[in-house]
Every structure is written in structure tokens, then in C-alpha cells.
């Protein structure tokens with residue numbers, strides 16, 4: 001059970017793997033990271049590479065749904081995420 005002691009950082013994946021998991025292009029993930037910096041903040045390795053944790057992957061799926069399925073604007077998606085994350089923090 002040594003794996004149970006490892007943190008979420010061990011579950012983090014590269015941007016290319018995150019792209020395959022989510023179906024979102026790498027360049028779009030980078031763009032969303034800038035546009036949704038308050039909510040989407042993958043960790044960086046010492047070499048500067050992005051590592052997407054499980055919670056980052058979930059946020060990407062949420063952003064993807066808001067923008068592509070529900071047709072939110074970037075600003076509208078930001079407002080929705082602000083509300084959703086504030087509810088999550090207060091729970």
C-alpha cells in the first residue's frame with residue numbers, strides 16, 4: 001500500500017496525456033490555462049513542464065462542457081466557475 005501514501009502529484013499527467021484524456025487540443029489547454037488561471041492551474045515541474053492533476057482534468061472537462069456544449073462565452077464560463085468554486089469552498 002505504498003502507493004496510498006503518494007500525493008496527487010504522482011497522479012499528474014503531461015499536457016499531451018491531458019489532451020488525449022479530455023479531447024482538447026494542447027494549444028487550447030494552454031489558452032484555457034491563461035483564460036481560466038483562477039481555476040485551471042496545473043503544477044509545473046522543475047523544468048517548467050505542466051502536470052495536470054485529477055482536479056485539473058475535471059476542470060478541463062467542465063470548461064469544455066461550458067464552452068462547447070452549453071455555448072457559454074469565456075466571460076460567462078468564468079462567472080459560472082467562480083460561482084461553482086465558491087460553493088465548493090463553502091461546503
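Residue numbers (the numbering used here): 1 to 91. Idealized CB from N, CA, C, for every residue including glycine. Only a predicted model underlies this, so the values are computations on that prediction, with no experimental measurement involved.
- Per DSSP, residue 50 is not a residue of any alpha helix (DSSP H); the beta strand (DSSP E) it occupies stretches across 50-52.
- Counting only runs of 4+ residues, the alpha helix (DSSP H) found wholly inside the region 11-66 occupies 15-22, 26-35, 54-64, in chain order.
- Spatial neighbours of residue 33 in its own chain (CB-CB distance under 6 Å, excluding positions within 5 residues in sequence) are listed in chain order as 40.
- Of 48, 88, 11, 65, the smallest CA-CA separation from residue 24 is found for 65.
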